[in-house]
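Per the numbering used here, the very first residue in the sequence shown carries number 1170; after that it's consecutive.
Just so it is clear, CB atoms sit at the ideal spot from N, CA and C, and this is done for glycine as well.
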Amino acid sequence: MLSLVLFIAGFERKKTGTRRLIIVAVMVALSVAGRFIPFFKPVTALTVITGAYLGGEAGFLAGSMSAVISNFYFGQGPWTPFQMFAWGLVGLFAGLLGEPLRRSRALVVLYGAVAGVTYSVVMDVWTVLWYNKGFDPALYLAALGTALPHTLLYTASNAVFLWLCARPFGEKLDRVKIKYGV
């Protein structure tokens, strides 16, 4: 969890333009608003889009901030850093894979599906640590199995959202980047 602090502190030291921060803030706001949709939470998909089009640093920030801000509504707790870390990594790696993700609709959908599974796998670590006061591999496998229907639904919703929205959102982000020199 120290990586969260180090990453955000490093971001704060950089001279990031106000316009770029506003774009990231808009993506975070869309993610937070999207968490209210039952069984279809586009946070991962919007984090992927942010990372792919604005870079890994912006993706990490969008993912981690989406978690902490939306949890003001859904409840903060010791799971929040795990959510921040998981969604942050999704955005960071989307940024590292940015060019291929921007070019291929199938690849961005595949990445979104893998990212959904990855998010759930990280959060199940939290579940085991909370339930057992320590990590137990057998309990972890049970948690993964129990969460499987939810994970599949979440993964499918990411894929659908990215299939429908990655290109239109990406075109808008590209246009804003050119127009405002971001």
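Residue i (DSSP reduced to helix, strand or coil)
| i | result |
| --- | --- |
| residue 1209 | coil |
| residue 1252 | helix |
| residue 1294 | helix |
| residue 1346 | helix |
| residue 1304 | coil |
| residue 1203 | helix |
Cβ-Cβ distance between residue i and residue j below 8 Å
| i | j | result |
| --- | --- | --- |
| residue 1263 | residue 1220 | yes |
| residue 1201 | residue 1235 | yes |
| residue 1265 | residue 1225 | yes |
| residue 1213 | residue 1281 | yes |
| residue 1210 | residue 1289 | no |
| residue 1238 | residue 1197 | yes |
| residue 1438 | residue 1217 | There is simply no residue 1438 to check, as the chain begins at 1170 and stops at 1351 in what is shown. |
Exposure of residue i, with buried meaning 16 or more beta-carbon neighbours within 10 Å
| i | result |
| --- | --- |
| residue 1347 | exposed |
| residue 1285 | buried |
| residue 1271 | buried |
| residue 1251 | buried |
| residue 1205 | exposed |
Pairs of beta-carbons, one from the region 1259-1275 and one from the region 1319-1329, closer than 8 Å: are there three or more?
no
Using 8 Å as the threshold, is the region 1256-1269 in touch with the region 1223-1232, meaning 3 or more CB pairs across them?
yes
Starting from the N-terminal side, write out each stretch of the alpha helix (DSSP H) that is 4 residues or longer and does not extend beyond the region 1225-1278.
1225-1243, 1249-1265 and 1267-1272
Count the C-beta pairs between the region 1332-1346 and the region 1293-1301 that are closer than 8 Å, then say yes if the count reaches three, no if not.
no
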